[in-house]
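Just below is one structure, and these are the notes that go with it.
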Amino acid sequence: MNADLGLWAVPLAVLGGMLRVSTPFLFVSLGECVTEKSGRINLGLEGTLVFGAMAGYGGAYLTGSPWLGVLAAGLFGVLFGLLHGFLCSLPKVNDIAVGIALMLLGTGLAFFFGKPLIQPAAPMLPAIPLGAWSDVPQVRAALEVSPLFVIGLLIAIALLFVFKRTKIGLVLRMVGDSADAARAMGYPILPVRIGATAFGGFMAGVAGAYLSLYYPGSWNEAISSGQGLIAVALVIFARWNPLACFGAALLFGGAGALGPALQSVGVTEGYYLFYAAPYVLTLLILFFTSSRTKALEGAPRELSITK
Amino acid sequence: MTMLPLNRRRLLISGSALLAAPLLMRVSPAAAASLTAGFIYVGPRDDFGYNQSHAEGAAALKAMDGITVLEEENVPESNDVVKSMESMIQLDDASLLFPTSFGYYNPFVKETAADYPDVQFRHCGGLWSEADPKNAGSYFGYIGTAQYLSGIVAGHQTKSKRLGFVAAKPIPQVLMNINAFTLGAKSVDPEITTQVIFTGDWAQPVKEAEATNALIDQGADVLTCHVDSPKVFVQTAAGRGAFVCGYHTSQAPLAPEHYLTGAEWNWSTVYKMFAEKALAGGALPNFVRGGLVEGFVKTSPYGPAVSEAARNQTDTVKAEVMKGGFAVIKGPLKDNKGNEVVAAGKAYPETAVELESMDYLVEGVLGSTS
Amino acid sequence: MSETQAFVRPTPIGAALSKGAGESARRRLEAVLIPILALLAGLFAFGLFLLAIGKSPVEFYQLVYRGGFGTWFSLQNTMQRAAPLLLTALCVALPAQLGLVVIGGEGAFVLGGLAAAAIGAAMPDAPGLIGMPVMALAGLCAGGVWIGAVGALRHYRGVNETIASLLMAYIAIAFMQHVVEGPLRDPASLNKPSTTPLADQLRIGEIPGMDVHWGFVVGILACLVAGFVLSRTTFGFSARIAGGNARAAAVQGLPVGRLILTFTFAAGAAAGLAGMIEVAAIHGTANASLIAGYGYTGILIAFLARQNPIAIIPMALIIGGIGAAGGLVQRRMDLPDATVLVLQGILFVAILVSETLSGRLLPALGLKTTGEAK
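Chains as they are written, first to last, in full-length UniProt numbering: chain A, 1 to 307; chain B, 1 to 370; chain C, 1 to 374.
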């Protein structure tokens with residue numbers, strides 16, 4: 001039987017929500033962070049995420065292995081990333097617009113091929129019981145995390161290292177900050193950008209697989225509530241810093257868990273407004289951290305949205 | 001607007017139908033059948049929930065002779081549904097339409113029915129009245145009584161005396177289900193309470209999962225829901241080790257060990273009735289309601305976890321229901337703010353029209369209607 | 001001379017402004033030819049997709065023609081569907097003149113509808129000639145302020161307008177749902193929480209002789225006016241200079257801030273007006289059914305029209321027609337409803353990719369050009 005936690009349930013639920021809900025935001029924002037570092041923005045990750053959710057579920061169902069599903073989702077994500085990368089390498093083609101188009105195309109294809117997958121039950125990803133030490137069931141439940149969450153955290157740390165300490169990171173930043181300088185140094189601009197977009201696609205595909213194979217763990221046409229788009233916003237307020245992306249994803253996930261948690265302890269009026277809290281919060285943070293005159297700190301200078 | 005544009009519109013439509021008809025006869029496979037029935041769903045038709053329950057009813061018609069079934073899914077509650085209905089009528093000769101989402105009725109079904117007096121429209125969930133077109137109508141099932149039976153099973157199963165309910169919006173049909181479920185449980189033990197969380201919309205998988213977790217964190221150990229697709233809810237709750245009662249269709253295959261019972265629609269009864277009457281050339285009833293007795297709704301078979309005592313009491317009450325006239329909502333009854341909503345001695349059987357405008361949560365429900 | 005040319009972008013409107021006659025003719029020809037080729041290529045690519053899954057492209061396009069354009073009923077269906085899209089596409093195309101990408105028109109649409117329904121419900125006895133303009137004004141202002149705020153955030157705080165408009169769309173929808181189920185809920189709206197229904201004289205009727213409401217005419221007029229203002233007035237001209245290069249515009253003394261605020265307000269006002277029309281012509285009340293994605297489809301149409309307000313008209317009709325045929329395709333070919341989304345996505349990509357041909361198509365075809373811009 002569960003212990004009666006009273007109002008303590010709210011912070012606990014927010015913590016649990018952070019750990020459960022944040023992972024898709026984390027993966028998409030890390031992928032987008034790399035893409036944007038190279039000087040491109042891909043708004044189409046929302047479509048990639050939805051396709052990844054479908055492909056991941058289908059892959060897991062057909063092979064019987066949820067991890068193969070995750071891999072399939074990632075690989076399809078790479079395909080979408082490559083498509084975006086190549087199309088935007090054509091002269092005069094706008095990356096924001098192609099992103100919006102691929103959002104529509106990815107979602108459409110996912111719904112098109114996903115019809116037969118709504119019914120079957122696919123094997124789910126396992127969970128890591130980080131709360132096994134506690135004898136309070138709610139704590140155990142809140143601290144049950146997906147291996148993907150841990151992998152996401154490790155990727156965030158790894159990316160920080162790559163950006164700061166490695167040649168690859170240096171080239172990536174140079175391509176994103178000044179194409180002219182990179183060209184003068186003899187670095188290949190387009191291949192770097194296409195590669196960075198493909199990585200972003202991979203991460204968004206995996207984020208989709210998390211939705212369909214772990215939490216909420218189902219494939220249907222309402223599975224994404226805009227995670228792929230919001231994550232693009234999170235990158236901006238995370239200032240293109242992978243660890244800050246991790247923090248932003250946690251913050252957004254926790255804010256999303258606030259609505260149901262408040263209702264469960266009796267704060268029931270105006271739940272729509274509580275549900276809007278994550279969006280208001282994001283907007284406020286953008287408002288207070290942006291500046292009219294100077295470009296955003298840490299922003300890749302070739303990036304169209306910050307010019 | 002006045003009647004004038006309506007008449008003009010009707011004229012034009014018949015004119016355009018004449019234009020279109022010769023073109024279409026050649027390609028329409030529907031021409032040979034004696035009745036074409038169109039079904040329109042607001043979401044995907046295999047959602048383990050509301051839309052699937054209707055699609056299963058439509059599938060029962062496909063098996064009948066002389067009937068062609070048309071289906072369209074994901075049709076929004078806007079002018080789109082008018083155009084879908086008109087397209088089925090004009091391009092595919094449909095003469096009997098079942099727009100199945102509640103939001104289709106007013107104004108869309110009413111206006112379209114007025115424009116096409118020769119086509120029959122039967123809408124799920126609406127409240128047809130004498131003022132509405134005679135070729136329109138509405139049908140619905142008294143599923144609240146089935147929820148009451150689920151509540152009895154839940155009342156026996158719960159150890160924490162706390163039930164959970166994940167709901168979409170505080171509208172009468174949902175409030176009726178919450179109240180009936182709670183009253184069923186309270187008939188086992190008056191101490192039992194039901195905690196409600198509203199997700200705000202009919203299909204919100206992540207919020208439904210979060211709500212389920214929040215309810216279980218607050219001690220709920222038996223849960224049910226009223227959202228379009230209960231799949232995520234059932235899997236999340238069962239994954240946390242809680243017991244569930246299903247809704248719309250049976251979700252037992254998703255959680256065989258934790259599924260207790262459920263309130264299910266049985267639309268094939270209704271659709272077959274309408275189709276048979278239409279094929280025979282008879283008049284279709286305008287206002288159709290039915291419950292467990294009429295076979296419009298049913299309960300899922302008991303899951304393995306349901307105790308003998310729970311089965312016995314539920315079966316006894318169900319037998320009582322099957323005699324007809326059973327009232328879940330009866331006085332004295334207070335709402336959860338302490339106001340008396342039904343006076344002592346007063347009873348509302350499921351057929352009572354008053355229940356269709358329910359705006360309160362009964363005592364024992366934790367939650368509010370706005 | 002060379003200064004102006006540098007600012008003219010290769011859009012159809014820009015073409016009209018170019019000075020050299022040969023240059024202008026070439027650009028004009030390309031501006032029409034390239035999108036048409038792109039659409040055809042997109043339709044062809046989708047045909048291949050259908051072949052790959054074992055369906056007949058010929059049957060599909062026949063059904064699209066029949067369901068969207070082939071009969072008087074279908075054509076009216078298409079026009080009715082295009083009506084809100086004309087205005088929501090303007091919500092994207094107007095800020096695009098300044099180089100801004102606004103994707104949150106859905107929020108302005110929903111708030112415009114809500115404001116109109118609320119005002120309309122408050123004056124049940126007002127004659128239509130007074131009530132409807134007041135409702136329209138409410139819709140215009142609600143939508144205009146909402147997207148205007150996006151412009152202000154951009155101008156005064158440097159907040160990216162794409163992200164801000166998206167976030168604000170989520171907030172607007174939550175606000176509408178809250179108000180409709182809470183303070184403004186009509187107690188009689190039982191299972192479909194709505195505001196109090198509008199009185200009959202406040203409802204927008206149909207165009208005489210047609211099954212299409214007046215919103216279609218309003219949308220066409222709005223696109224024509226926007227096209228005129230952008231291509232024939234100094235105001236529109238300065239907008240394009242600012243859009244081409246904000247810094248140069250500032251140097252020339254153009255009021256960039258005022259332009260941004262005016263264009264984003266006008267954009268939101270267009271979407272808000274679409275919301276008002278949807279309420280007054282279709283629903284008669286504001287409720288959750290307003291959230292039908294018209295704002296998002298407007299993005300698609302604006303890009304297909306390459307942000308040219310006049311080109312929005314044919315594109316809205318094409319997309320409306322595909323939507324109108326969607327049901328027929330589902331029923332006859334047993335294709336899922338998402339087929340329409342796939343086709344839309346492919347057309348979208350094709351049009352965007354075709355941008356790369358501009359300035360290169362005619363030379364590639366061996367046509368002689370004069371006055372080649374540097």
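From the three backbone atoms N, C-alpha and C, an ideal C-beta is built for every residue, glycine too.
{"Check": "Inspect the beta-carbon positions of Leu125(A) and Leu7(A) and report whether they are closer than 8 Å.", "Outcome": "no"}
{"Check": "Go through its chain and collect everything with a Cβ distance to Ala38(C)'s Cβ below 6 Å, but skip five positions before and after it.", "Outcome": "Ala350, Ile351, Ser354"}
{"Check": "For Asn160(C), would you say it is in contact with chain A, using Cβ-to-Cβ distances shorter than 8 Å as the test?", "Outcome": "yes"}
{"Check": "Would you kindly report the start and end of the unbroken alpha helix (DSSP H) that includes Gly59(A)?", "Outcome": "45 to 63"}
{"Check": "Between the Cα of Ala136(C) and those of Gly151(C), Ala172(C), Ile204(C), Ile313(C), spot the shortest distance and give me the residue it belongs to.", "Outcome": "Ile204(C)"}
{"Check": "Alpha carbons only, please: which of Val288(B), Tyr247(B), Lys323(B), Ala185(B) is nearest the one belonging to Val353(B)?", "Outcome": "Val288(B)"}
{"Check": "Rounded to whole angstroms, what is the Cα-Cα separation between Thr196(C) and Leu83(A)?", "Outcome": "49 Å"}
{"Check": "Are the beta-carbon atoms of Phe73(C) and Glu86(B) separated by less than 8 Å?", "Outcome": "yes"}
{"Check": "Could you check how far apart the C-beta atoms of Met123(C) and Gly131(C) are, in whole angstroms? I think they sit under 8 Å.", "Outcome": "6 Å"}
{"Check": "Where DSSP assigns a beta bridge to Lys298(B), which residues make up the other side?", "Outcome": "Glu264(B)"}
{"Check": "Which same chain residues end up closer than 8 Å to Glu56(B) when comparing Cβ atoms and leaving out the 5 residues on each side of it in sequence?", "Outcome": "Thr249, Trp267, Ser268"}
{"Check": "Residues in its own chain within less than 8 Å of Ala9(A) by CB, not counting five upstream and five downstream?", "Outcome": "Gln138, Ala261, Ser264, Val265"}
{"Check": "For Glu130(B), which three-state DSSP category applies?", "Outcome": "coil"}
{"Check": "Any idea what DSSP makes of His155(C), helix, strand or coil?", "Outcome": "helix"}
{"Check": "Below 8 Å on the Cβ atoms is my contact criterion, and I expect Ile118(A) with Leu43(A) to pass it. Report the Cβ-Cβ distance as a whole number of Å.", "Outcome": "Between Leu43(A) and Ile118(A) the Cβ distance is about 27 Å, and since that is not below 8 Å, they are no contact."}
{"Check": "Starting from Tyr247(B), follow the beta strand (DSSP E) in both directions and report where the run begins and ends.", "Outcome": "243 to 248"}
{"Check": "Going along chain E in order, which residues have a C-beta closer than 8 Å to the C-beta of Phe102(B)?", "Outcome": "The structure shown contains no chain E; the protein chains it does contain are A, B and C."}
{"Check": "Mind checking who His84(A) pairs with in its DSSP beta bridge?", "Outcome": "DSSP lists no partner for His84(A)."}
{"Check": "Phe48(B) to Asp80(B), Cα distance in whole Å?", "Outcome": "24 Å"}
{"Check": "Glu210(B) to Ile36(C), Cα distance in whole Å?", "Outcome": "48 Å"}
{"Check": "Evaluate Asn312(B) with the Cβ neighbour count: other Cβ atoms within 10 Å of its Cβ, from every protein chain shown; 16 or more gives buried, anything less gives exposed.", "Outcome": "exposed"}
{"Check": "Find the residues of chain C that neighbour Tyr279(A), judging by a C-beta separation of less than 7 Å, and give them in chain order.", "Outcome": "Leu167, Tyr170, Ile171"}
{"Check": "Using a Cβ-Cβ distance cut-off of 8 Å, determine whether Phe73(C) contacts chain B.", "Outcome": "yes"}
{"Check": "State yes or no: is the beta carbon of Ala246(C) nearer than 8 Å to at least one beta carbon in chain B?", "Outcome": "no"}
{"Check": "Counting only beta-carbon separations shorter than 8 Å, does Val232(B) have a partner in chain A?", "Outcome": "yes"}
{"Check": "Give every residue of the same chain whose Cβ lies closer than 8 Å to the Cβ of Phe86(A), excluding the five residues on either side of it in the sequence, and list them in chain order.", "Outcome": "Ile194"}
{"Check": "Hey, is Met25(B)'s beta-carbon within less than 8 Å of any beta-carbon in chain C?", "Outcome": "For Met25(B), the predicted structure reports a pLDDT of 37, less than 50, and the residue's modelled location is therefore unreliable. A value from the coordinates is still provided. For Met25(B), the answer is no, since every Cβ of chain C falls outside 8 Å of its Cβ."}
{"Check": "Are three or more beta carbon pairs between the segment 27 to 37 of chain A and the segment 200 to 220 of chain A nearer than 8 Å?", "Outcome": "yes"}
{"Check": "Strictly below 8 Å CB to CB, what residues from chain A border Pro336(C)?", "Outcome": "Phe111, Phe112, Lys115"}
{"Check": "Report yes or no: do three or more beta-carbon pairs, one from the segment 162 to 170 of chain A and one from the segment 53 to 64 of chain A, lie closer than 8 Å?", "Outcome": "no"}
{"Check": "Give, in chain order, every unbroken run of the alpha helix (DSSP H) that is at least 4 residues long and sits entirely within the segment 140 to 176 of chain A.", "Outcome": "147 to 165"}
{"Check": "Identify the contact partners of Gln330(C) in chain B, using a Cβ-Cβ distance below 8 Å as the criterion.", "Outcome": "Glu71, Glu72, Glu73"}
{"Check": "Let me check one thing: in DSSP terms, what residues is residue 373(B) bridge-paired to?", "Outcome": "This structure leaves residue 373(B) out entirely; chain B is present only between 1 and 370."}
{"Check": "Can you list, in chain order, the residues of its chain whose CB lies under 7 Å from that of Ala244(A), leaving out five sequence neighbours each side?", "Outcome": "Ala238"}
{"Check": "Ends of the beta strand (DSSP E) at Leu96(B)?", "Outcome": "96 to 99"}
{"Check": "Which word fits Ser289(C), buried or exposed, when buried means at least 16 other C-beta atoms lie within 10 angstroms of its C-beta?", "Outcome": "buried"}
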